[in-house]
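The structure appears right after this line, and notes come after that.
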Amino acid sequence: MKKQKYANSRKSKALEALTFASLDDDSSDLTLRCKFNFSYFDYSQKAGQNFSDLSAKQLREFMKSLKNITSSSLAYWKSQSTLVMYNKFPVKTEFKHPVHVPHQVCWGRFRLGNKLRLVGFTVPSKIHGTYHHKTKELYDKNTFYVVFIDQNHLFWKTDQR
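Numbering (the working numbering), first residue to last: 384 to 544.
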């Protein structure tokens with residue numbers, strides 16, 4: 384093999400020494416990390432807020448919180464009381480159940496800082512890992528589908544019964 388005229392041996396050695404993460408590493412926790420989906424986001428209701436209602440500082444904090452939260456599973460955040468699952472849509476609420484949200488879902492909320500709450504849903508545990516009959520894709524209970532931003536805590540009023 385012919386030696387390259389302008390080869391950089393130090394660079395080559397440094398590149399050879401680099402190791403890369405792999406999906407099948409024993410230390411990989413990719414499958415445990417939660418995901419957020421905003422395709423069900425509804426900012427049409429008076430009780431909720433849109434992203435444009437948040438200040439630049441609030442948006443930065445929001446993104447920092449999401450980055451932090453997605454490093455762990457939804458189950459972990461439940462154990463930390465950052466995520467509270469209510470399962471059903473509340474009776475006493477300022478919000479209306481959006482018609483585009485499936486009726487079988489489990490409703491909950493994420494606490495992001497002092498006032499900001501993300502309200503949304505997950506698929507029920509009993510559906511997790513099953514295939515959708517048409518798409519042939521698996522349902523995943525580790526995805527939180529964001530429906531509302533609730534800065535005024537009007538989704539689940541504390542006197543629910």
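A virtual CB, placed ideally from N, CA and C, is assigned to each residue, including glycine.
- Residue 413 has its alpha-carbon roughly 16 Å from the corresponding atom of residue 527.
- Just so you know, the alpha carbons of residue 507 and residue 440 end up roughly 34 Å apart.
- Taking the Cβ atoms as the reference, residue 476 lies roughly 17 Å from residue 424, outside the contact range of under 8 Å.
- Between residue 511 and residue 524, the C-beta gap is smaller than 9 Å, which places the two residues in contact.
- Under the three-state reduction of DSSP, residue 505 is assigned to strand.
- Residue pairing of residue 527 in beta bridges, as defined by DSSP: 419.
- Using a Cβ distance threshold of 9 Å, residue 496 and residue 427 do not count as a contacting pair.
- A straight-line Cα-Cα distance of about 41 Å links residue 487 and residue 403.
- Setting aside the 5 residues that flank it on each side, residue 432 is surrounded in the same chain by 532 and 534, each with a C-beta closer than 6 Å to its C-beta; the list follows chain order.
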